[in-house]
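Colleague: Here it is, the structure in full.
Residue numbers (UniProt numbering): 1 to 669.
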């Protein structure tokens, strides 16, 4: 239909007082999608009240079984974001304080300091293009000190990575440096750290210096600051799936391969395993036992060294990431928290779990029975995926339902935060599609609006299957059909070859799952729902809904018929949008006197380095059953530009979404 005919129809509907349904529009339409740039104050209701200040005032965060608690005994639940790379070192001090306040207002209470050491970041923690990586740069540390102090003041806790992207140089004293550098000036140490004494020594020196550093703004060493809740020893660095092959005899690293092969022979002999199979990192079976043990040798040393600095918070060894199977989990249990990375892809809302996994499934598959779980990286890849707006809501609901302890979006920003940043997958601070749903996700997760699963499924496999097959959400129908219907945990089997590994068991009420290929959803099903009845994904339609007393939302394809939840009704033919209605005062929405409404359509970057987006106008009608005398304002409490957008009909609030303009948050109070 030509644009002038659409406008005529909209005008006629408006004159008749009928809220128009949204029209499906092509991405980036310059006529129908207005251009906008998000500012430092995006206009959301301030959720800073969720935080206690300063961070650390409740003492250390500890693991208590599968949960996290503060020293004072109160439960600890973290909604986090990554702050990485250039954002750490090139953000002006006055903007550091402003963004710490903004993060708190958006609902965050945890920030992960990431890519502090990566070669491609200039400056990084070693300085600007430092010839060696054995000295912490005072100016870089001063910037980290400012960030940590500012975050702490806003009630935001900190997660520190110890090693991410550090690349050593010839001046770092690394044995056989030339063979891992491959003719380059710098070398990636991932994988090699598990067999090289000199690389391990440099990593130990770094973590001692880093954790012993005293922050002049807090007066505390990093190791003793209770606001620093966790450290990650090494990021995305495992032998069981990713880097074991780098040590093989045909990889041109003879000194490192010799150590690897000798340890494989020794392990095979000691455990009675076939030597010809134990060293083959690419296979399943004996090699997965050996590789876990090789990782164990490294992690036991590094953990002891971390504790020697006085740090007694949480420790994660490395992550389950990038397609890792459950056979990668044993060495992760040497820490006090299991960490996982889970990235989604475009159009996951339409995935039938019988056929393909979604990003929450990958997180769920790393939940070791009886241990806390953090998700230190999650996001929707394929930027600018139209359905990325559903990501925060889906992660928050999944985390609350599963009992995960600390999801962290990747990332708030890796660009300097001195103004709106150019669009990109890893910097969501100015992405209107994701930003609009971050407060809703934080509120839902942190205030426990979603009930935990009523039943627990425990994956119970023999050691032969656990180590002998590639069991992942991509290969296991059970894993990808369970996590949306109940809590999923993985039990670690008795493993005599790994004497240090403690088998893990779920509670006696857990439902055992012994066949990883079982499909726990009917072949003809078109949706999947939680056992509590609160979360539902209609994968035929591509619609995700949450319906609880205090949070009711719909994300995905709103077109396809009215969406009726307990206290709201949504009539819209938006092809892709998200609307969340939530109580801010602890009451059920039906009786709440302060309600937050979050809404957005698709957002597409204008292009290039321009920080602006073209944002799809909303359309349709939102009806809310709540006390009729409430007034609708924007998210900051100011009157709406168009008061006619809100009416009350038969004690029901009716909001004409097409008359809201660029507003993405509303308050009904």
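Each residue gets a CB set at the ideal place from its N, CA and C atoms; glycine is no exception.
What is the rounded straight-line gap between the Cα of residue 432 and the Cα of residue 157?
Modeller: What you label residue 432 is simply residue 432 of the chain shown in a count that begins at 1. What you label residue 157 is simply residue 157 of the chain shown in a count that begins at 1. About 25 Å.
Colleague: Among the candidates 102, 312, 600, whose CA atom is the shortest distance from the CA of residue 576?
Modeller: Counting from 1 along the chain shown, the entry for residue 576 is found at position 576. Comparing Cα-Cα distances from residue 576 to each of 102, 312, 600, the minimum goes to 600.
Colleague: From residue 234 to residue 104, what distance separates their C-alpha atoms?
Modeller: Walking along the chain shown from the start, residue 234 turns up at place 234. Walking along the chain shown from the start, residue 104 turns up at place 104. Their Cα atoms are separated by approximately 27 Å.
Colleague: Is it right to say residue 418 is buried, meaning 16 or more other beta carbons lie within 10 angstroms of its own, or is it exposed?
Modeller: For the purposes of this step, residue 418 is identified with residue 418 of the chain shown, where counting begins at 1. Exposed is the call here.
Colleague: Can you give the beta carbon distance from residue 664 to residue 43, rounded, assuming they're within the 8 Å contact cut?
Modeller: If you number the chain shown from 1, residue 664 lands on position 664. If you number the chain shown from 1, residue 43 lands on position 43. The pair is a contact, with the Cβ atoms about 7 Å apart (cut-off 8 Å).
Colleague: Suppose the cutoff is 6 Å on Cβ atoms and the five residues either side in sequence are ignored; what does the same chain contact list for residue 166 look like?
Modeller: Looking up residue 166 in the chain shown gives position 166. Excluding positions up to five away in sequence, the list reads 117, 133.
Colleague: Give a yes or no on whether the C-beta atoms belonging to residue 660 and residue 630 are separated by under 8 Å.
Modeller: Translated into positions along the chain shown, residue 660 becomes position 660. Translated into positions along the chain shown, residue 630 becomes position 630. Taking 8 Å as the Cβ cut-off, residue 660 and residue 630 do not qualify as a contacting pair.
Colleague: Looking at the structure shown, is residue 198 part of a helix, part of a strand, or coil, going by DSSP?
Modeller: Reading the chain shown from its first residue, position 198 is the one you call residue 198. Note: residue 198 maps to helix in three-state DSSP.
Colleague: What residues in its chain sit with their C-beta under 6 Å from that of residue 211, if we drop five residues either side in the sequence?
Modeller: For the purposes of this step, residue 211 is identified with residue 211 of the chain shown, where counting begins at 1. Closer than 6 Å at Cβ, skipping near neighbours: 222, 223, 309, 311.
Colleague: Cβ of residue 354 within 8 Å of Cβ of residue 562?
Modeller: As a position in the chain shown, residue 354 is number 354, starting the count at 1. As a position in the chain shown, residue 562 is number 562, starting the count at 1. No, the pair does not count as a contact, with Cβ atoms beyond the cut-off.
Colleague: Buried or exposed, going by whether 16 or more other CB atoms sit within 10 Å of the CB of residue 30?
Modeller: Taking the chain shown and counting its residues from 1, the one referred to as residue 30 is at position 30. Because residue 30 carries a pLDDT of 45, less than 50, the predicted location of this residue cannot be relied on, and no value is offered for it.
Colleague: For a minimum of 3 consecutive residues, which ranges assigned as the beta strand (DSSP E) are wholly contained in the segment 302-327?
Modeller: As far as the segment 302-327 is concerned, its whole beta strand (DSSP E) runs of at least 3 residues are 314-316.
Colleague: Select from 280, 275, 232 the residue whose C-alpha is nearest the C-alpha of residue 251.
Modeller: Counted from its first residue, the chain shown places residue 251 at position 251. It is 280 whose Cα lies nearest to the Cα of residue 251.
Colleague: Are residue 126 and residue 135 touching if we call contact CB-CB under 8 Å?
Modeller: As a position in the chain shown, residue 126 is number 126, starting the count at 1. As a position in the chain shown, residue 135 is number 135, starting the count at 1. Yes, the pair counts as a contact, with Cβ atoms nearer than the cut-off.
Colleague: Report the rounded CA-to-CA distance for residue 557 versus residue 574, giving the unit in angstroms.
Modeller: Residue 557 sits at position 557 when you count from the first residue of the chain shown. Residue 574 sits at position 574 when you count from the first residue of the chain shown. In a straight line, the C-alpha of residue 557 is about 7 Å away from that of residue 574.
Colleague: Suppose you measure from the CA of residue 670 to the CA of residue 286; what does that come to, to the nearest Å?
Modeller: Given that the chain is displayed from residue 1 to residue 669, the structure contains no residue 670 and the question cannot be resolved.
Colleague: In the DSSP assignment, the beta strand (DSSP E) including residue 261 goes from what residue to what residue?
Modeller: By 1-based counting over the chain shown, the position of residue 261 is 261. Counting along the chain, residue 261 falls outside any beta strand (DSSP E), though it belongs to the alpha helix (DSSP H) covering 254-271.
Colleague: How far does the alpha helix (DSSP H) with residue 397 in it extend, from its first residue to its last?
Modeller: Residue numbering aside, residue 397 sits at position 397 when the chain shown is read from its first letter. 391-402 is the extent of the alpha helix (DSSP H) around residue 397.
Colleague: So, are the CB atoms of residue 412 and residue 82 less than 8 Å apart?
Modeller: If you number the chain shown from 1, residue 412 lands on position 412. If you number the chain shown from 1, residue 82 lands on position 82. It is a contact, given that the beta carbons lie within the stated cut-off.
Colleague: Would you mind listing the beta strand (DSSP E) stretches within the segment 18-105 that are 3+ residues and don't spill past its ends, in chain order?
Modeller: 61-64, 67-70, 80-84, all fully within the segment 18-105.
Colleague: If we call anything under 8 Å between Cβ atoms a contact, is residue 345 one with residue 489?
Modeller: Here residue 345 is taken as the residue at index 345 of the chain shown, counted from 1. Here residue 489 is taken as the residue at index 489 of the chain shown, counted from 1. Cβ distance not < 8 Å, so residue 345 and residue 489 don't count as in contact.
Colleague: Which partner residues does residue 558 have in the DSSP bridge list?
Modeller: Locating residue 558 in the chain shown gives position 558, where the first residue counts as 1. In the DSSP output, where bridge partners are listed per residue, residue 558 has none listed.
Colleague: With residue 47 and residue 106 assumed to form a contact (beta carbons below 8 Å), what rounded beta-carbon distance in angstroms separates them?
Modeller: Sequence index remark: in the chain shown, residue 47 carries index 47 (1-based). Sequence index remark: in the chain shown, residue 106 carries index 106 (1-based). So it is a contact: roughly 7 Å between Cβ atoms.
Colleague: Residue 300 by DSSP, collapsed to three states: which one?
Modeller: Position 300 of the chain shown, counted from the start, is the residue given in the question as residue 300. Helix.
Colleague: Output needed for residue 512: all residues of its chain with C-beta closer than 7 Å, excluding positions within five of it in sequence on either side, in chain order.
Modeller: Working through the chain shown from its first residue, we reach residue 512 at position 512. These residues qualify, in order along the chain: 458, 460.
Colleague: Taking the DSSP output, what are the residues bridged to residue 665?
Modeller: In the chain shown, counting from the first residue as 1, residue 665 sits at position 665. Its beta-bridge partners are 598.
Colleague: Beta carbon of residue 479, beta carbon of residue 365: below 8 Å?
Modeller: Translated into positions along the chain shown, residue 479 becomes position 479. Translated into positions along the chain shown, residue 365 becomes position 365. Result yes, Cβ atoms of residue 479 and residue 365 sit closer than 8 Å.
Colleague: Less than 8 Å between the C-beta atoms of residue 299 and residue 278, yes or no?
Modeller: To locate residue 299, count along the chain shown from 1; it is residue 299. To locate residue 278, count along the chain shown from 1; it is residue 278. No, they are not a contact pair.
Colleague: Do residue 155 and residue 241 have their C-beta atoms closer together than 8 Å?
Modeller: The count along the chain shown starts at 1 and reaches residue 155 at position 155. The count along the chain shown starts at 1 and reaches residue 241 at position 241. No.
Colleague: For residue 348, which residues from the same chain have a beta carbon less than 6 Å from its beta carbon, with the 5 sequence-adjacent residues on both sides left out?
Modeller: Translated into positions along the chain shown, residue 348 becomes position 348. Cβ within range, chain order: 358.
Colleague: Can you check whether the CB of residue 641 is closer than 8 Å to the CB of residue 36?
Modeller: Taking the chain shown and counting its residues from 1, the one referred to as residue 36 is at position 36. Taking the chain shown and counting its residues from 1, the one referred to as residue 641 is at position 641. No. Outside cutoff.
Colleague: Starting from residue 457, trace the beta strand (DSSP E) both ways and give me its first and last residue.
Modeller: For the purposes of this step, residue 457 is taken as residue 457 along the chain shown, with counting starting at 1. Element bounds for residue 457: 456-459.
Colleague: In terms of residue numbering, what span does the beta strand (DSSP E) encompassing residue 446 cover?
Modeller: Mapped onto the chain shown, residue 446 falls at position 446. Element bounds for residue 446: not the beta strand (DSSP E) but the alpha helix (DSSP H), 438-446.
Colleague: Give the range of the alpha helix (DSSP H) segment to which residue 479 is assigned.
Modeller: By one-based count along the chain shown, residue 479 stands at place 479. Where residue 479 is concerned, the enclosing alpha helix (DSSP H) stretches over 477-482.
Colleague: May I ask you to verify whether the segment 247-262 touches the segment 191-209, counting CB pairs closer than 8 Å and requiring at least 3?
Modeller: A contact exists between the segment 247-262 and the segment 191-209.
Colleague: Can you pull the DSSP bridge partners for residue 622?
Modeller: Taking the first residue of the chain shown as position 1, residue 622 is located at position 622. Bridge partners of residue 622: 570, 655.
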